[in-house]
Each structure stands twice: as structure tokens, then as C-alpha cells.
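Participant: Protein sequence lines, in the order shown, are assigned to chains A and B. Those letters in the first sequence? Residues 5 to 458, per the numbering used here, in order. Those letters in the second sequence? Residues 5 to 458, per the numbering used here, in order. Idealized CB from N, CA, C, for every residue including glycine.
Number of protein chains: 2
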Amino acid sequence: MSEPTTKFLLPEDQIPTAWVNLMADLPGEPLPPLSPATMQPAGPEDLSAIFPMALIQQEVSTEPEIPIPEPVREAYRLWRPTPLYRARSLERALDTPARIYYKYEGTSPAGSHKPNTAIPQAYENKQAGITKLTTETGAGQWGSSLAFACALFGLECEVFMVGSSYDQKPYRRSMMQTWGATVHRSPSTLTQAGRDQSSHPTGSLGIAISEAVELAVQREDTNYSLGSVLNHVLLHQTVIGIEAIAQMEMAGDEPDVIIAACGGGSNFGGIAIPFLRRKLRGESSTRFLAVEPAACPTLTRGVYRYDYGDTAGLTPLMPMYTLGHDFVPPPVHAGGLRYHGDSPLVSALVKEGIVEARALRQNDCFAAALQFARTEGIIAAPESSHAIRGAIDEALAAREAGEERVILFNLSGHGDFDMAAYDAYLSGSLEDPEFSEADMEAALARLPETPPVG
Amino acid sequence: MSEPTTKFLLPEDQIPTAWVNLMADLPGEPLPPLSPATMQPAGPEDLSAIFPMALIQQEVSTEPEIPIPEPVREAYRLWRPTPLYRARSLERALDTPARIYYKYEGTSPAGSHKPNTAIPQAYENKQAGITKLTTETGAGQWGSSLAFACALFGLECEVFMVGSSYDQKPYRRSMMQTWGATVHRSPSTLTQAGRDQSSHPTGSLGIAISEAVELAVQREDTNYSLGSVLNHVLLHQTVIGIEAIAQMEMAGDEPDVIIAACGGGSNFGGIAIPFLRRKLRGESSTRFLAVEPAACPTLTRGVYRYDYGDTAGLTPLMPMYTLGHDFVPPPVHAGGLRYHGDSPLVSALVKEGIVEARALRQNDCFAAALQFARTEGIIAAPESSHAIRGAIDEALAAREAGEERVILFNLSGHGDFDMAAYDAYLSGSLEDPEFSEADMEAALARLPETPPVG
Chain A
5 MSEPTTKFLL
15 PEDQIPTAWV
25 NLMADLPGEP
35 LPPLSPATMQ
45 PAGPEDLSAI
55 FPMALIQQEV
65 STEPEIPIPE
75 PVREAYRLWR
85 PTPLYRARSL
95 ERALDTPARI
105 YYKYEGTSPA
115 GSHKPNTAIP
125 QAYENKQAGI
135 TKLTTETGAG
145 QWGSSLAFAC
155 ALFGLECEVF
165 MVGSSYDQKP
175 YRRSMMQTWG
185 ATVHRSPSTL
195 TQAGRDQSSH
205 PTGSLGIAIS
215 EAVELAVQRE
225 DTNYSLGSVL
235 NHVLLHQTVI
245 GIEAIAQMEM
255 AGDEPDVIIA
265 ACGGGSNFGG
275 IAIPFLRRKL
285 RGESSTRFLA
295 VEPAACPTLT
305 RGVYRYDYGD
315 TAGLTPLMPM
325 YTLGHDFVPP
335 PVHAGGLRYH
345 GDSPLVSALV
355 KEGIVEARAL
365 RQNDCFAAAL
375 QFARTEGIIA
385 APESSHAIRG
395 AIDEALAARE
405 AGEERVILFN
415 LSGHGDFDMA
425 AYDAYLSGSL
435 EDPEFSEADM
445 EAALARLPET
455 PPVG
Chain B
5 MSEPTTKFLL
15 PEDQIPTAWV
25 NLMADLPGEP
35 LPPLSPATMQ
45 PAGPEDLSAI
55 FPMALIQQEV
65 STEPEIPIPE
75 PVREAYRLWR
85 PTPLYRARSL
95 ERALDTPARI
105 YYKYEGTSPA
115 GSHKPNTAIP
125 QAYENKQAGI
135 TKLTTETGAG
145 QWGSSLAFAC
155 ALFGLECEVF
165 MVGSSYDQKP
175 YRRSMMQTWG
185 ATVHRSPSTL
195 TQAGRDQSSH
205 PTGSLGIAIS
215 EAVELAVQRE
225 DTNYSLGSVL
235 NHVLLHQTVI
245 GIEAIAQMEM
255 AGDEPDVIIA
265 ACGGGSNFGG
275 IAIPFLRRKL
285 RGESSTRFLA
295 VEPAACPTLT
305 RGVYRYDYGD
315 TAGLTPLMPM
325 YTLGHDFVPP
335 PVHAGGLRYH
345 GDSPLVSALV
355 KEGIVEARAL
365 RQNDCFAAAL
375 QFARTEGIIA
385 APESSHAIRG
395 AIDEALAARE
405 AGEERVILFN
415 LSGHGDFDMA
425 AYDAYLSGSL
435 EDPEFSEADM
445 EAALARLPET
455 PPVG
């Protein structure tokens, strides 16, 4: 390590004071969500059974900035501001003229960027007098983040964990329980949605969402919390990009391309939105690249239309790229990227050609993560390995073109709970599943009639 | 969380520039190690088969400060300076007038304080032309830290992992392999020491040390690396305490008592030594408390005499508290604290009454760790849970006495790889083993005649 990694660290008083809301800068009117009962535009009142009004207001706000409540900033201080690094050792290993930077969100107690939104969601629910939050989790990153946030604010937390993950990832479950959460294997017998799916014992994210929503609707003192997709979730994650803008200024560089993994969109939106605002205002020509698994290629192979957020069709329909709400992606290790749909905001940006999307194979991503661990020293989560692959490919393209290129990517979490996947990769037994177009076509054929989105 | 946790963060230019060497301030002459072949004082030449001269010079130096090489400081920048927090939520939960601070070392890529010494050890070996390091590891914290450091400096790394841990902790093994290390199950068939112990298939730390040392002695291009006990290891860890002094000044508080877990002594020494120097110089009256597991109570129940560092008797004998070098502690989850001996430096300070020692039960420590996770949000390693228990007990004693008391403890690592232990605690099935005095007496009876230490 003759020329070392360089870190750019902000002082604590630069924890952002306001989130960036891109809705204010988007061209045209945003398409509304639709009520699943009526297929008519859903208003705030349709959401109030499961979300507190403060979050609903954030969801529909067109203010360009939304102040971060002081208790939320105080909780952020546990791990924020997060570091931004220049990956000099990786650059050297790639023999590239590109300069590669990464923002590292794995230093939170839950190990990923997810607490950035779990904290304000727990806070606003507490303020609204709610005593319990329900949610779903796949690989466990989101469930453990909400369990952590609920512990800090004194809320009960009830997590429906996808059955196959519950069985295979007992340690993420233990983590949630250590923070005091109750964890149910989904499908459970606690809900109608769960009982209806007893023939699918391994479960799915869509089924777990249906269960969590069902409980929240039934109880006055209970709300539901979602870890991605929605506007207010992406809003909370913009602390990543706001800090990164200040850190790139410290580094004296301006990113030519910004890369992040995209499942439900909060990882990508978190780093991209503050930079996207500059682009939409004509202040930069930065490219944006959302990378997703080839096993669940929502942005690159899905259709742009209204669809449900969950399997059972309990949630509002959203205008987004989708593979069909009952499409079940093959089991890749990047559980956080196995979602049939995507953020309406990110979907619209891809549709408009403002954001590029690329699908990557699992083995290629792990190869990149291994090279990263051995040069930069950090073992990445499988989700984040997609961003590393994207960044390495851009750096190799820069070498090919003989161009200096400034690359910034979001390293959204560490891989401490994913070593079985690294094990499989190292032993040559990691599967490399591809998406089934036939399954997608079948799932899309089962969708209801909805208004057009174009 | 009405009154939030407070973090004290240093700017990067306050990564220490020199380690603190307490040898300069200790009363009297330090007792030398003894050669296992002759039982005579061992000189630098006795160590040169397995350590580079730069580390041997650090081991025997009496200079009060030793400069940190710039490439080591640069590598430290990956995660240093580490944060220091005031545990306001925990204080409130305990209803104590005490002010509790903790230094958090779990933000390193390997998840503990161990890279603080792995980095300079890898660096000095690289400088000396060594191409490979061997070492042992129990629970895996040390092995993964050395694997990480070797990846950064381009050294090969060969780890002998205690058999029972190798079987039970596959993910720490995968972590080492991800960083490019070779991991052997110990006892192995690669060494005489391993073959001699084939009747103990679950292995022990002492056996694994014997195997790693044997390989290093045989090969010119290979050295051995130890993660605790020795003076130069404690020296490297003083970056913890040096930073903590600056951070306690930021907080405007002076610790009345400093607490850390003690296995081989590097965790305790790391935070304590810079403060101990002030005490030895008459500049403070801080108390120091080393906490250890009741299952392996070296400082509280061991005898102070010369003993080997390993089971096979290959290492020099050191003057220290010991339970007998072939004593096998019961299997508690704090694998890093299951060592028959202790740092000669810490042992001498306990012997002189400058440092207090206390043995704690495993279940009491996990109860403390759970309370900590649910108030402060961080899930601690089992080793660190001992320091939490110690700090809570001091805070409760302060409440009892109606005293303001300033408590500082070292939270040496996170518990991501120890969730099975939390699981056992939460389900009420965690064992609470005690130490066997009969086993210790038998182990001590097997010790060779050595010169007296008093």
C-alpha cells in the first residue's frame, strides 16, 4: 500500500440540517398512487391507516428541502457523518487513469444505510403517539435497522421475516431480537395474508409486506414502516448525497459518474438525488448509473406501468418499472435487490433517460467485491458489490478510452452477515442465476387493468 | 431517546504520531523473558527467528514515546480516529449520577481494536523483507485483523485456527479467506506440534500458537505475529488511549475510573496506558479496572510467576499471572479472553496494586450487553460485554454512594459474529461456567522450575 487510501471526513456540525426533495425539480406533475380498492388516485387519507401524517406530508411534499428534526440529527450522530474515501489502492490495481471515490454507509450500528430512514420513521411515529411499528424484511438489513431505531425511541417493533431468510440467516434475526424486536417467520398464522399463503412456506418479500400492512391496518396504536421505494424513504436517504457533495468538494473533484445499487431505490436515491438536483438545474453534466442484479432486472427488463407494492395487492398501486407483483426472482444473495418493482421517483428518472440502468451477474459482482476487499480492506454487502462492479467497469472503460474519469459510488453496507455467500464464491459454488422472461410475462399477464402512465 | 448520546470526534490530523511506551515510567527494572531452552534471560537474538528487529526493538525499548511510521498512520486513516461517546441513554436507564463514556473500536474493517497492532506488525515485517506471516486465532478477531493487514501490505498470511472455533465459526474463517489468508484447522498435520496433539482434536489457543511459531522458525521468509500479551502489541494499542485523552478533554471531563476487558492485555493496555502514565507521574488519581471472565480468572486467581506463552513450551517464559500454560478454560463466548496467562506489563501493574482486577460471570456480562444494545444502539462483542458490565456496576455503585463519578470504558469490538451467543442468552440457554481450581492446581504443578519473580 505505497499510496494509501484517502479519507474525507466531515465535522459533526455538517450532519445535514435538511433533506433534499427532488419532487420540486422534476419536470411535469408526478403521477399519483392509486387506491387498490377503487383504482382512483389515492390521497393522504388513504395512507393514514398505516403512516403518521408527518411522513405522509413528506411523501407528497413539493418543497425543495425538508428540515431534519433535531432529535433525528442527534440520533444520526451515533454514526454520521459517514466517511468518503478515495480508492487509491483499487485504482492502482486496475491501472486506470480514473479516480474512484466511495461513500461508506456500513459504519451504522445496523451495518448499512437503512437506519438513515429508520430513525426519522421511528421518530415521527413516536411523535404521533404510535407505540408499535410493523415491517417486513428479506435478508434482514431493513428489519434490523428498524429494530435498532425502535430501541432508541422506545417503540415496539414487529418484523415479518421472509421464511427462507428466517431459516438461513438466524443471526440477522438474533440481531433484531437483541434490539428487542419480535420476529415472525413469514408466512405466519397471525394474519389472513399469511394463512392464505401457507402453500408457499418459504415466503417472499411481497407476502411479508402484506402481513405487516394487515396488522398495522387493524390496530390503532400500530403503524407500518417501509424501508425503500416511497418518496419519503428516498428523501431521508439524501443525507448520504448531501454529505458526499461536501466531501467531493474537500477532495477537489466533481464526479463524472455516480453509481449505486438499486432494489427499491433508496440506496441509489440516497447518494444520487442531491447531485441529480444539480443536474436537473443545469449545474452539472454528471452521469447516473443504477445497477441491479441480472436475476431481478426491474429497470432494464421490466415494464413501466402501475403495479402493487406487495404480492397480495393490499398496497396502493404505484407508477414504476415492474416485473409483475407476484414475480418471484431467483434467490441471489443480494436479498435487498430482490424486489419486483422500484421507486416511482427512480423509475421516472430512468424513463426520462436522466438515469442509466445496467443489470449485473452475481459472480461478476462477487469477483469485484473480492478485489475491493483485498485492495481497500472493506468486505462489502452483496447489494453493495453491484456498485463496486459498476465502478470497476467504469474505471476499466476509462483506461480503455485513455480518459481521466471521476467515479463516485455508494458502498451501502458491510458483508459481516453475508460470509456464507463469500464462502460459496471462494469455493466456486456460487450460483449465477438469470431472470426468467417467461415468468415475468406470466406475472405481467396477471396484472389488473390500470390507467396508462405515459 | 429524549437526551441523546453524545459523540466526540477528532479530526484526522489527530491520529496519534507516536505510541506511548509505559516501560519508561515503570518503577524498577522490568523482568526479562527467559529462553525456554536455557531458562536464562532471552535477548533480542532469541526473538529474531520469528520477529523483525524493528518490533524487537519496540519490545525492549525504554523510550517514553515511539514514533508511528507514516505508512502505518495512513493505514490507520481507514477507520481512525475512532469515536468516543457519552452514554446518556444508558445513564438514564441506570438512574445514576455517574457520567459514562466509551471509546468505540468496532468501526475498523475487522470489527475490533486488533488492527491497531496488525497494521504496524505487517508493515515492519514487509519492511524487513518478510513475505509471509503466521499466526493463531481463537474466535477469529485476531486472525481476521492480521489477514486484513496482510492484504493491505501485500503479505501472505497463514492462520492456525483453534479447531472448535474453526468448526463453530465458519464466517470468521470466510472473512480471513476473503482477505486472501490461508486458514488451517488446528491441530493440523502440517507441524510437529500439531501432529503431537492429534489426540486433542478440538485444539486450543496454546496449541495453535505452537503450530504458528514452529512454521515461522523453519522458514527464512516467514515470521510469526502475536495479537496480544507482548510489550510491542500493547504499545501499538495505545492509539486508543491517546485519542481518548484528547476526546475526554473535548468532553470537559476527567475519568475517575477506566475499565477494559483483559485477556492477553492489549485491549486493557490500549486504553489504559496513556492514562496510566499520567497516574505514574503523579498527575492524576484515576482508578484502573481490568475485568476478566470468571471462567478464566488469570489476574484474580492465577499465580504471579514465569510461565510459557503457549501449550507446547516453544515460546520464551514471561513473568505474569498464569493459570498454568496447559490449563484449558471452559468454553465461554469471549474467546479473546480465554488465555491462561496475561501481559507481563499488566501483570506487574496488578501486582503493584496500580491496576485493580475483577472476574465477571458470562450471563451477567450478556445482561449488560443487552441493556447497552437497547439504550446505546451498539451490539458489543462478548469480550467487550465484560467492560460494559464493569462500567454498569461502577455506575450503580456511584448511585448507591450518591456520587458523581466519571467512568470511561473501552468498547473494543462489535458482536456481528457472535449472534449465536446472544441467541443463547435470549433463549435462556447460555451456560455460565466457572473456573476449576483443581484444574489450575494440576496445571501449575506441571510447570518447570523457574527463577522467582518477587
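With 7 Å as the limit, tell me which residues of the region 313 to 330 of chain A have their beta carbon closer than that to any beta carbon of chain B; keep them in chain order.
Facilitator: The residues in question: there are none.
Participant: Using a Cβ-Cβ distance under 8 Å, would E407/A count as near chain B?
Facilitator: Working through the first sequence from its first residue, we reach residue 407/A at position 403. So, not an interface residue.
Participant: Scan the region 210 to 246 of chain B and note each continuous alpha helix (DSSP H) run of 4 residues or more that stays entirely inside, going in chain order.
Facilitator: Here the runs fully enclosed are 235 to 241.
Participant: Within 10 angstroms of its Cβ, does A408/B collect 16 or more other Cβ (buried), or is it exposed?
Facilitator: By 1-based counting over the second sequence, the position of residue 408/B is 404. In the sequence as presented, Ala is not what sits at residue 408/B; that position holds Glu. That one is exposed.
Participant: Counting contacts by CB-CB distance shorter than 8 Å, is S351/A in contact with chain B?
Facilitator: Residue mapping note: residue 351/A aligns to position 347 of the first sequence, counting from 1. No, no contact with chain B.
Participant: Return the residue from the list M43/A, G458/A, R176/A, R291/A that minimises the CA-CA distance to P320/A.
Facilitator: In the first sequence, residue 320/A corresponds to position 316, counting from 1. The shortest C-alpha separation from P320/A is found at M43/A.
Participant: Looking at the C-beta of M5/A, does it have a partner C-beta in chain B at a distance below 8 Å?
Facilitator: Working through the first sequence from its first residue, we reach residue 5/A at position 1. Note that M5/A scores 42 on pLDDT, short of 50, meaning its location in the model is unreliable; the coordinates nonetheless yield the value given after this. Output row for M5/A: interface = yes.
Participant: If you drop the 5 nearest sequence neighbours on each side, which residues of the same chain put their C-beta closer than 7 Å to that of Y170/A?
Facilitator: Taking the first residue of the first sequence as position 1, residue 170/A is located at position 166. So the list reads R177, R189, once near-sequence residues are dropped.
Participant: Could you tell me which of P124/B, S112/B, T326/B sits nearest to R450/B, measuring between CA atoms?
Facilitator: In the second sequence, residue 450/B corresponds to position 446, counting from 1. Of P124/B, S112/B, T326/B, the residue nearest in Cα terms is T326/B.
Participant: Identify every residue that forms a DSSP beta bridge with Y325/A.
Facilitator: Start at 1 with the first residue of the first sequence, and residue 325/A comes out as number 321. Y325/A is bridged to Y308/A.
Participant: Return helix, strand or coil for H390/A, following the three-state DSSP convention.
Facilitator: Within the first sequence, numbered from 1, the residue matching residue 390/A stands at position 386. Correct three-state label for H390/A: helix.
Participant: Going along chain B in order, which residues have a C-beta closer than 9 Å to the C-beta of D420/A?
Facilitator: For the purposes of this step, residue 420/A is taken as residue 416 along the first sequence, with counting starting at 1. G115, Y175, M179, H418, D420, F421, listed in chain order.
Participant: Establish whether the CB of L13/A and some CB of chain B are separated by less than 8 Å.
Facilitator: Position 9 of the first sequence, counted from the start, is the residue given in the question as residue 13/A. Closer than 8 Å: yes.
Participant: For T121/A, which residues does DSSP report across the bridge?
Facilitator: Mapped onto the first sequence, residue 121/A falls at position 117. None; T121/A has no bridge partner.
Participant: Determine the DSSP secondary structure at Y426/A, reduced to helix, strand or coil.
Facilitator: For the purposes of this step, residue 426/A is identified with residue 422 of the first sequence, where counting begins at 1. Y426/A: helix per DSSP, three-state reduction.
Participant: Comparing the C-beta of G184/A with each C-beta of chain B, is any distance below 8 Å?
Facilitator: Taking the first residue of the first sequence as position 1, residue 184/A is located at position 180. Interface residue, yes.
Participant: Just to confirm, are F279/A and I262/A a CB contact at a threshold of 8 Å?
Facilitator: Indexing the first sequence from 1 puts residue 279/A at position 275. Indexing the first sequence from 1 puts residue 262/A at position 258. It is a contact, given that the beta carbons lie within the stated cut-off.
Participant: So what's K11/B in DSSP terms, helix, strand or just coil?
Facilitator: Mapped onto the second sequence, residue 11/B falls at position 7. Three-state result, K11/B: strand.
Participant: Report the three-state DSSP secondary structure of Y89/A (helix, strand or coil).
Facilitator: As a first step, residue 89/A is located in the first sequence; it is residue number 85 there, counting from the start. It is a strand residue.
Participant: Is the region 98 to 118 of chain A close to the region 39 to 56 of chain A, with three or more CB pairs under 8 Å?
Facilitator: No, the region 98 to 118 of chain A does not touch the region 39 to 56 of chain A.
Participant: Just to confirm the assignment: which complete beta strand (DSSP E) runs, minimum length 3, are found wholly within the region 118 to 172 of chain B?
Facilitator: Fully enclosed beta strand (DSSP E) runs of 3 or longer: 136 to 141, 160 to 166.
Participant: List the endpoints of the continuous alpha helix (DSSP H) containing R291/B.
Facilitator: Along the second sequence, read from residue 1 onward, the residue named residue 291/B stands at position 287. Segment 291 to 297 is the beta strand (DSSP E) holding R291/B; no alpha helix (DSSP H) there.
Participant: Nearest by alpha-carbon distance to M24/A: which of P119/A, A114/A, S65/A, L434/A is it?
Facilitator: In the first sequence, the residue the question calls residue 24/A occupies position 20. Note that residue 24/A is Val in the sequence shown, not Met. V24/A has its Cα closest to that of S65/A, out of P119/A, A114/A, S65/A, L434/A.
Participant: Where do the ends of the alpha helix (DSSP H) carrying N271/B lie?
Facilitator: The count along the second sequence starts at 1 and reaches residue 271/B at position 267. Where N271/B is concerned, the enclosing alpha helix (DSSP H) stretches over 270 to 284.
Participant: Going by DSSP in three states, E16/A sits in which element: helix, strand or coil?
Facilitator: Residue numbering aside, residue 16/A sits at position 12 when the first sequence is read from its first letter. In this structure, E16/A counts as helix in the three-state DSSP scheme.
Participant: Please classify A151/A as buried or exposed, where buried requires at least 16 neighbouring CB atoms within 10 angstroms.
Facilitator: Locating residue 151/A in the first sequence gives position 147, where the first residue counts as 1. The residue is buried, with at least 16 neighbouring Cβ atoms inside 10 Å.
Participant: Is there a Cβ of chain B sitting closer than 8 Å to that of G381/A, yes or no?
Facilitator: As a first step, residue 381/A must be located in the first sequence, where it is residue number 377. For G381/A, the answer is yes, since a Cβ of chain B falls inside 8 Å of its Cβ.
Participant: Note down, one range per segment and in chain order, each alpha helix (DSSP H) of at least 4 residues found wholly within the region 37 to 63 of chain A.
Facilitator: Those alpha helix (DSSP H) runs which fall completely within the region 37 to 63 of chain A and span 4+ residues are 48 to 51.
Participant: Run through chain B and tell me which residues come within less than 8 Å of A46/A, C-beta to C-beta.
Facilitator: In the first sequence, residue 46/A corresponds to position 42, counting from 1. Residues of chain B passing the Cβ test: none, with the nearest at roughly 33 Å.
Participant: Check R189/A in the structure and name its three-state DSSP category.
Facilitator: As a position in the first sequence, residue 189/A is number 185, starting the count at 1. In the structure shown, R189/A sits in a strand (DSSP, three-state: E or B).
Participant: In this structure, does DSSP put V350/A in helix, strand or coil?
Facilitator: Sequence index remark: in the first sequence, residue 350/A carries index 346 (1-based). If DSSP states are grouped into helix, strand and coil, V350/A belongs with the helices.
Participant: Rounded to the nearest angstrom, how far is the Cβ of L434/A from that of F370/A, given a contact under 8 Å?
Facilitator: For this step, residue 434/A is matched to residue 430 along the first sequence. For this step, residue 370/A is matched to residue 366 along the first sequence. Right, the Cβ-Cβ distance comes to about 6 Å (below 8 Å), so this counts as a contact.
Participant: My understanding is that D225/B touches V410/B, with C-beta atoms under 8 Å, so please give their C-beta distance in whole angstroms.
Facilitator: Residue mapping note: residue 225/B aligns to position 221 of the second sequence, counting from 1. Residue mapping note: residue 410/B aligns to position 406 of the second sequence, counting from 1. That belief does not hold up - the Cβ atoms of D225/B and V410/B are roughly 49 Å apart, past 8 Å.
Participant: Look at L341/B and C300/B and say whether their C-beta atoms are less than 8 Å apart.
Facilitator: Numbered from its first residue, the second sequence carries residue 341/B at position 337. Numbered from its first residue, the second sequence carries residue 300/B at position 296. For L341/B and C300/B, yes; Cβs fall inside 8 Å.
Participant: Select from the region 146 to 166 of chain A all residues with a C-beta closer than 7 Å to any C-beta belonging to chain B, and list them in chain order.
Facilitator: For the region 146 to 166 of chain A, which is checked against every Cβ of chain B, the residues closer than 7 Å are F152, A155, L156, F157.
Participant: Which whole-angstrom value describes the C-beta separation of L303/A and G273/A, a residue pair presumed to lie in contact below a C-beta threshold of 8 Å?
Facilitator: For the purposes of this step, residue 303/A is taken as residue 299 along the first sequence, with counting starting at 1. For the purposes of this step, residue 273/A is taken as residue 269 along the first sequence, with counting starting at 1. Contact doesn't hold; Cβ gap of about 13 Å is too wide.
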